[in-house]
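Visitor:
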Amino acid sequence: MVPSTGIDYTFSKLRDKYSASAAYASSKLAQIYHASELTRRYGVKAYSLHPGTIMSTNINHNRSLIKRILFQLLSVIGKTVEQGSMTCIFCALSNDAVPGHFHSDCQVRKPSQLALDKHRAAECWNESEKLINEKLK
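Okay, so the sequence shown: first residue is 100 according to our numbering, each after it adds one.
#1: At what residues does the alpha helix (DSSP H) containing residue 207 begin and finish?
#2: Kindly indicate which three-state DSSP category residue 133 falls into: helix, strand or coil?
#3: Which of the three DSSP states, helix, strand or coil, is assigned to residue 203?
#4: Whole-angstrom Cβ separation of residue 198 and residue 146, contact assumed at under 8 Å?
#5: Which residue's Cα is closest to the Cα of residue 205: 195, 213, 212, 211?
So, in structure tokens, the structure goes:
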């Protein structure tokens, strides 16, 4: 799930009408950008990954009845916590994991064209630095 137009660094859409799914999509795109930029700028092994839908014991906490029912239906295709952690372990230990790339189900995956845009990745990094510096003043 990646936003089709990129990340809104003004956060105007979030101020006008908050959408959890749009915020989540932007955060996943930023995760891909930051892993790519960390690897490119500093040569460190940084990975972005999707563990899958993990059905933890806290999944139904503070959810409406309809959402609890939907999550019960999803539990058929969801992963256990152990299964969900496998891609993270794969990235940490496997020589097949590729730094700066997106991983899912213990494999390198190709994300959307938007997520592969190196100029947008650099922009995300720079905007993140700017936002952090503003908060540290």
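We put the CB at the ideal spot given by N, CA and C, even for glycine. Since this is a predicted model, take the numbers as computed values, not measurements.
Guide: Walking through what the data contain:
#1: Per DSSP, residue 207 belongs to no alpha helix (DSSP H); it is in the beta strand (DSSP E), 206 to 208.
#2: helix
#3: strand
#4: 6 Å
#5: 195
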